[in-house]
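Read through the structure below, which is laid out as structure tokens, and then see the notes.
Number of protein chains: 2
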Amino acid sequence: MSKEIAVEKEPDDVKAERMAKFQMQEQRLRKTMDKVKHKIAIISGKGGVGKSTVTANLAVAFAREGYEGKVGVLDADIHGPCIPKILGVQGERLPVGPSGIFPVTGPIDIKIISMAFLLQSEEVPVIWRGPLKMTAIRQFLTDIQWGNLEYLFIDLPPGTGDEPLSVMQLLPELDGVVIVTIPSDVSQLVVKKAITFARHLNVPIIGVIENMSGFICPNCGTKTDIFSSGGVDKISDELRVPVLGKIPLDPKICKNSDLGVPFIVNSPNSDSTKAFMEIVARIEDVLKEKEGND
Amino acid sequence: MSKEIAVEKEPDDVKAERMAKFQMQEQRLRKTMDKVKHKIAIISGKGGVGKSTVTANLAVAFAREGYEGKVGVLDADIHGPCIPKILGVQGERLPVGPSGIFPVTGPIDIKIISMAFLLQSEEVPVIWRGPLKMTAIRQFLTDIQWGNLEYLFIDLPPGTGDEPLSVMQLLPELDGVVIVTIPSDVSQLVVKKAITFARHLNVPIIGVIENMSGFICPNCGTKTDIFSSGGVDKISDELRVPVLGKIPLDPKICKNSDLGVPFIVNSPNSDSTKAFMEIVARIEDVLKEKEGND
Chain A
7 MSKEIAVEKE
17 PDDVKAERMA
27 KFQMQEQRLR
37 KTMDKVKHKI
47 AIISGKGGVG
57 KSTVTANLAV
67 AFAREGYEGK
77 VGVLDADIHG
87 PCIPKILGVQ
97 GERLPVGPSG
107 IFPVTGPIDI
117 KIISMAFLLQ
127 SEEVPVIWRG
137 PLKMTAIRQF
147 LTDIQWGNLE
157 YLFIDLPPGT
167 GDEPLSVMQL
177 LPELDGVVIV
187 TIPSDVSQLV
197 VKKAITFARH
207 LNVPIIGVIE
217 NMSGFICPNC
227 GTKTDIFSSG
237 GVDKISDELR
247 VPVLGKIPLD
257 PKICKNSDLG
267 VPFIVNSPNS
277 DSTKAFMEIV
287 ARIEDVLKEK
297 EGND
Chain B
7 MSKEIAVEKE
17 PDDVKAERMA
27 KFQMQEQRLR
37 KTMDKVKHKI
47 AIISGKGGVG
57 KSTVTANLAV
67 AFAREGYEGK
77 VGVLDADIHG
87 PCIPKILGVQ
97 GERLPVGPSG
107 IFPVTGPIDI
117 KIISMAFLLQ
127 SEEVPVIWRG
137 PLKMTAIRQF
147 LTDIQWGNLE
157 YLFIDLPPGT
167 GDEPLSVMQL
177 LPELDGVVIV
187 TIPSDVSQLV
197 VKKAITFARH
207 LNVPIIGVIE
217 NMSGFICPNC
227 GTKTDIFSSG
237 GVDKISDELR
247 VPVLGKIPLD
257 PKICKNSDLG
267 VPFIVNSPNS
277 DSTKAFMEIV
287 ARIEDVLKEK
297 EGND
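These protein sequence lines are chains A and B, in that order.
Residues in the first sequence are numbered from 7 upward in steps of one, following the working numbering.
Residues in the second sequence are numbered from 7 upward in steps of one, following the working numbering.
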């Protein structure tokens, strides 16, 4: 594997200014984020692999398993925020009280922050370049009254640009990243970049989830690998990353996301939910092991 | 529909510097781009909707229909370039000659530029923030010997951030954008933003393509709407944009993309290819009509 990475070199004066501002805000950021025990980012190489669906369902799974009121979701996709729609809180506004701005409260008392809560209507695009996106994400992590949380799940947009870079630079204590992909070769190509990205930034990789892994016809039961198959196992062998599990392609998942009810709640007995709950158990194991080592 | 748009305000000094540089480069950019007759950008709200597959197949369709050697593709997805893989030229390098840097030549003499041709290996992520991405895209449009082209298709990454904004600012003469989406509500939510984005920047919308529109079981023929259905018609009614067509979900499309052979070449008799060729005809009509009006 090549160790060469294409990283942008920041001009010295820009860096100096950024660092000064950063140090001032760092203290406030730490005050807020030190109250959050575990921070997990969900990333992908390509978009449209179901990253937001995985994030929303992870939050629900952990909230149901003894952490009600102690789970938060930061939707860090500035241009295409989907978390509010999937968790059924689309159209809500951020509550403001004497002590500051609070997250929106979703199902099972999940605390949610998303750009979608700040826009006048769902048609409004956020036409922002990188530096402003960094500022927004920093404010979401700093100036929101998240309170004491056990888990914060951060849904990052695809790619290795401004938003993922910002979150990883702002939160060096990140427990790790969960990488979501689909089985196609084209997707694997991009997920390799995400793995190298996380390693380059010294962020632990909790594991890879293969989503949309085979479709079972509801009429005849025939399995079709619509987006190919076997991709994630190749990646796992080649780049030595653990596979957390494979989630079958299931029309119910999309339907439930459109309805704003997480599929693990609405379709508890589906194969997809079973696969997902095994993934949740594996993530819990990784975090427990990490805690034991700390 | 709300007319409010969240647009980043650029500081005055940053703008002045950018404009000075821009004017110097503008002349060179024009020299290159004036030799390209039609420029069409392919955008999406959400990722993973098949935008790159649509772009690659559009290029092949136009190249086969009398424009061999006169079609180019700019893969403007800096973080997740997929075009070289889909067109079977993964691993190629940009040819350099006495008169400059040339695009890679793909099938049917299609000229291709992608970040992938500049990276040491496919695992290398491009960890760049926005300003450097703008610079790269400007160079792709300015300093590459594209030659005389009839059509340049530009594959943009999802969202309404640096890359789409750069292309639309650099190429005000763009014929228009083709928007790709999938039927789900969640995807529709994001595609609305893309439509508002294009309108805000005064870029004509050629139309919307609904991809992954229903899956036919290869065993029993049952149709399943894996990613819901009817989304694009709702959008079309609501925001008055033409629907160019719907491409059924077909495992062959993914398989062909993984093999590096466009599906319209490898699966010429499939329903997907038939749907796609109707879309091509509609785009040709729009461009001809535009030409007549000019």
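Ideal Cβ positions, reconstructed from N, Cα and C, are used throughout, including at glycine.
Distance cut-off 8 Å: residue i Cβ against heavy atoms of the ligand MG
{"i": "A:P257", "result": "No copy of the ligand MG occurs in the structure displayed, which carries no ligand at all."}
Whole-number beta carbon distance between residue j and residue i, since they are thought to touch under 8 Å
{"i": "A:E156", "j": "A:K76", "result": "4 Å"}
{"i": "A:I89", "j": "A:I107", "result": "No, A:I89 and A:I107 are not in contact; Cβ-Cβ is about 17 Å, not under 8 Å."}
{"i": "B:K252", "j": "B:S219", "result": "4 Å"}
{"i": "B:D83", "j": "B:L158", "result": "Contact doesn't hold; Cβ gap of about 15 Å is too wide."}
{"i": "B:I185", "j": "B:S278", "result": "Actually they do not touch by this definition, with Cβ atoms about 19 Å apart."}
{"i": "A:G136", "j": "B:P17", "result": "The pair is not a contact, with the Cβ atoms about 14 Å apart (cut-off 8 Å)."}
{"i": "B:N154", "j": "B:I188", "result": "About 36 Å separates the two Cβ atoms, so there is no contact after all."}
{"i": "B:I114", "j": "B:R70", "result": "6 Å"}
{"i": "A:V79", "j": "A:T61", "result": "6 Å"}
{"i": "B:V247", "j": "B:V214", "result": "5 Å"}
Helix, strand or coil at residue i according to DSSP, with G and I counted as helix
{"i": "A:E295", "result": "helix"}
{"i": "A:S314", "result": "Here chain A covers residues 7 to 300 and nothing more, so residue 314 of chain A does not appear."}
{"i": "A:G103", "result": "strand"}
{"i": "B:F233", "result": "coil"}
{"i": "B:A12", "result": "strand"}
{"i": "A:I133", "result": "strand"}
{"i": "B:E284", "result": "helix"}
{"i": "B:K43", "result": "strand"}
{"i": "A:L124", "result": "helix"}
{"i": "A:L158", "result": "strand"}
{"i": "A:E169", "result": "helix"}
{"i": "A:F108", "result": "coil"}
{"i": "A:L177", "result": "coil"}
{"i": "A:I116", "result": "coil"}
{"i": "B:S273", "result": "coil"}
{"i": "A:E244", "result": "helix"}
{"i": "A:I84", "result": "coil"}
{"i": "A:S219", "result": "coil"}
{"i": "A:T279", "result": "helix"}
{"i": "B:I316", "result": "With chain B covering only 7 through 300, there is no way to say anything about residue 316 of chain B."}
{"i": "A:K261", "result": "helix"}
{"i": "B:T187", "result": "strand"}
Rounded straight-line distance, which links the Cα of residue j to that of residue i
{"i": "A:G237", "j": "B:P87", "result": "18 Å"}
{"i": "A:I222", "j": "A:P254", "result": "8 Å"}
{"i": "B:M7", "j": "A:D264", "result": "Low local confidence applies: a pLDDT of 43 at B:M7 is under 50, so the model's placement there is unreliable, and no value is given."}
{"i": "B:S234", "j": "B:S190", "result": "5 Å"}
{"i": "A:V55", "j": "A:Q29", "result": "36 Å"}
{"i": "A:A287", "j": "A:L250", "result": "9 Å"}
{"i": "A:I160", "j": "B:V197", "result": "22 Å"}
{"i": "A:M283", "j": "B:K52", "result": "26 Å"}
{"i": "B:V267", "j": "B:N63", "result": "9 Å"}
{"i": "A:D19", "j": "A:M25", "result": "10 Å"}
{"i": "A:Q302", "j": "A:T228", "result": "Outside the shown range of chain A (7 to 300) lies residue 302 of chain A, about which nothing can therefore be said."}
{"i": "A:I285", "j": "B:W134", "result": "31 Å"}
{"i": "B:E128", "j": "B:E169", "result": "21 Å"}
{"i": "A:A301", "j": "A:D239", "result": "No information on residue 301 of chain A is available, as it lies outside the stretch 7 to 300 that chain A covers here."}
{"i": "A:K21", "j": "A:K15", "result": "10 Å"}
{"i": "A:S58", "j": "B:G72", "result": "43 Å"}
{"i": "B:P178", "j": "B:R205", "result": "13 Å"}
{"i": "A:K302", "j": "A:Q96", "result": "Only positions 7 to 300 of chain A appear in this structure, which leaves residue 302 of chain A out of reach."}
{"i": "A:L180", "j": "A:D231", "result": "34 Å"}
Chain-order list of residues whose beta-carbon lies under 8 Å from that of residue i (same chain, five-residue window excluded)
{"i": "A:R99", "result": "V110 and F123"}
{"i": "B:K258", "result": "F269, N272, S273, S276 and S278"}
{"i": "A:A67", "result": "I270, F282, M283 and V286"}
{"i": "A:L35", "result": "R144, L147, T148 and L176"}
Cβ neighbours of residue i in the same chain (closer than 7 Å, five flanking residues each side left out)
{"i": "A:T166", "result": "K199, A200 and F203"}
{"i": "B:A281", "result": "G251, K252, I253 and P254"}
{"i": "A:Q151", "result": "S105, G106, I107 and F108"}
{"i": "A:N225", "result": "none"}
{"i": "A:M140", "result": "D168 and S172"}
{"i": "B:L65", "result": "With the sequence shown as reference, residue 65 of chain B is identified as Ala, and Leu is not the correct amino acid for it. These residues qualify, in order along the chain: V77, V79, I116 and F159."}
Close-in-space but distant-in-sequence residues of the same chain around residue i (CB under 6 Å, 5 per side omitted)
{"i": "A:P210", "result": "G182"}
{"i": "A:Q194", "result": "G237 and I241"}
{"i": "A:S120", "result": "D81, P87, I89 and P90"}
{"i": "A:P101", "result": "F108"}
{"i": "B:M174", "result": "L207 and V209"}
{"i": "B:H85", "result": "V132"}
Query raised in the report: Contact between the segment 137-148 of chain B and the segment 144-151 of chain A: three or more CB pairs below 8 Å?
Result: no
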